[in-house]
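This report refers to the structure that appears directly beneath it.
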């Protein structure tokens, strides 16, 4: 049985650049050094690169959790310590990756807390995010945190974050205490986001109902569970008619939208094959796959072929740059786009930053 000490020893080895995994893989984390440097140009034209999927934490918020803080803010994974941003180090990392701007977000660890405690955590985080972004407005923007288990409070938090704190939208999980985002209780939050014209960034937390099946080697709770949760969340928004109800709602899905983009066309067939599984009172305005063209997807899907396929399914105009930094899933996000030969120069410029700039109201 692997102990926490053993796990941390592996983490220390990984930090040095080599990961030896019991599944028989050897991976050099520095094998692909970024080739692009700032300023980035596409066909001779300057492009502001904007990474919409990057993370941070604040100790002041974690302090409200007492002994539980480390569980959520310092899990035994590479990059966890770097989530507590030291500005000079973070800027150096961004420069090394040819990223002009990071859009910071905090994965929600407070959905199971009571309203008052969660509200205090969110208040601190949004204030600290605004402060950080204000210190380097040319390098950082942020998505607000929301007390989504209390939708009335979340509406207030979102309005304050956007109108008073200068945040660019909100980061949310994939489900709240087992309640899907298509539930009417969340309609006021989606209505407020639509009214403000700001995006909601869906970042999954895994599927705890499958913890037993996803246990064992390979960190399957994340490897499979995270993309699966995003797939479920987006599918409910589509099939329950939520995206029809809020046609102006801007949704950005992490990790390329999970598995939905890779198997989307199956979504156009279930009501033909199994009509009893579909509610006749919910009459979608278009085919399920057509809704993918009003959702945005980050580029954290690892290969040029995956980027090609996602662009073919949803349109390159719906893809934005994402890395998950400081967690080392993708240490050369800009290079990944340049390596995608299927993309036109305009496509590359859009993915690297122009689409995100339009979505977030950032000067390109």
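In the working numbering, the protein residues as written are 24 to 387.
Positions of the beta carbon are idealized from the N, C-alpha and C atoms, including for glycine.
Q.
Check this for me: beta carbons of residue 274 and residue 223, under 8 Å apart or not?
A. yes
**Q.** Between the CA atoms of residue 69 and residue 327 - distance to the nearest angstrom
**A.** So the two alpha carbons sit approximately 22 Å from each other.
**Q.** Top-ranked residue by Cα proximity to residue 83, from 315, 216 and 152
**A.** 152
Q | Contact the segment 251-270 vs the segment 312-320: 3+ CB pairs below 8 Å | A | yes
Q. Should residue 193 be labelled buried (16 or more other beta-carbon atoms within 10 Å of its own) or exposed?
A. Buried, since its Cβ has 16 or more Cβ neighbours within 10 Å.
Q: Determine, using beta carbons only, whether residue 278 and residue 250 come nearer to each other than 8 Å.
A: yes
Q) What are the boundary residues of the beta strand (DSSP E) that includes residue 99? A) It is not in any beta strand (DSSP E) - residue 99 carries neither H nor E in the DSSP assignment.
Q. For residue 340, which residues of its own chain have a beta-carbon under 7 Å away from its beta-carbon, when the five flanking residues on both sides are left out?
A. 373 and 378
Q: Starting from residue 184, follow the alpha helix (DSSP H) in both directions and report where the run begins and ends.
A: Per DSSP, residue 184 belongs to the alpha helix (DSSP H) from 174-186.
Q) Is it true that the segment 162-182 meets the segment 118-134, where meeting means three or more beta-carbon pairs spaced less than 8 Å apart? A) yes
Q. Residue 106 and residue 79: beta carbons closer than 8 Å?
A. Taking 8 Å as the Cβ cut-off, residue 106 and residue 79 qualify as a contacting pair.
Q.
According to DSSP, residue 163 sits in a beta bridge with which residue or residues?
A. 125
Q) Which one or two residues does DSSP pair with residue 222 in a beta bridge? A) In the DSSP output, where bridge partners are listed per residue, residue 222 has 273.
Q. CA-CA distance, residue 306 and residue 330?
A. 32 Å
Q. Nearest-angstrom Cα distance between residue 231 and residue 208?
A. 22 Å
**Q.** Which listed residue (191, 96, 300 and 248) has its alpha carbon closest to that of residue 280
**A.** 248
Q | Sequence-distant residues of the same chain with beta carbon closer than 7 Å to residue 294, five excluded per side | A | 301, listed in sequence order.
Q | Helix, strand or coil at residue 286 according to DSSP, with G and I counted as helix | A | coil
Q | Cβ-Cβ separation, residue 117 to residue 71 (assumed contact under 8 Å), whole Å | A | No, residue 71 and residue 117 are not in contact; Cβ-Cβ is about 12 Å, not under 8 Å.
Q | Separation of residue 121 from residue 357, as counted between CA atoms | A | 7 Å
Q: Can you tell me which of the three DSSP states residue 68 falls into?
A: Strand at residue 68.
Q. Which class does residue 305 belong to by DSSP, given the choice of helix, strand or coil?
A. coil
Q) Would residue 149 be called buried (16 or more neighbouring beta carbons within 10 Å of its own) or exposed? A) buried
Q) Can you tell me the Cα-Cα spacing of residue 155 and residue 299, whole angstroms? A) 51 Å
Q. For the putative contact between residue 159 and residue 110, defined by C-beta atoms under 8 Å, what is the C-beta separation to the nearest angstrom?
A. 7 Å
**Q.** Euclidean distance between Cα positions of residue 133 and residue 144
**A.** 8 Å
Q) In three-state terms, what does DSSP make of residue 335? A) helix
Q) Should residue 53 be labelled buried (16 or more other beta-carbon atoms within 10 Å of its own) or exposed? A) Since pLDDT at residue 53 reaches only 43, below the 50 mark, its modelled position is unreliable, and the value read off the structure follows with that caveat. Answer is exposed; the Cβ neighbour count stays below 16.
Q. Quick one: is residue 56 buried, meaning 16 or more other Cβ sit within 10 Å of its Cβ, or exposed?
A. Caution is warranted here: a pLDDT of 49 is assigned to residue 56, below 50, making its placement in the model unreliable, and no coordinate value can be reported.
Q. Which word fits residue 304, buried or exposed, when buried means at least 16 other C-beta atoms lie within 10 angstroms of its C-beta?
A. exposed
Q: Go ahead and label residue 204 buried or exposed: buried means 16 or more other beta carbons lie within 10 angstroms of its beta carbon, across all protein chains shown.
A: buried
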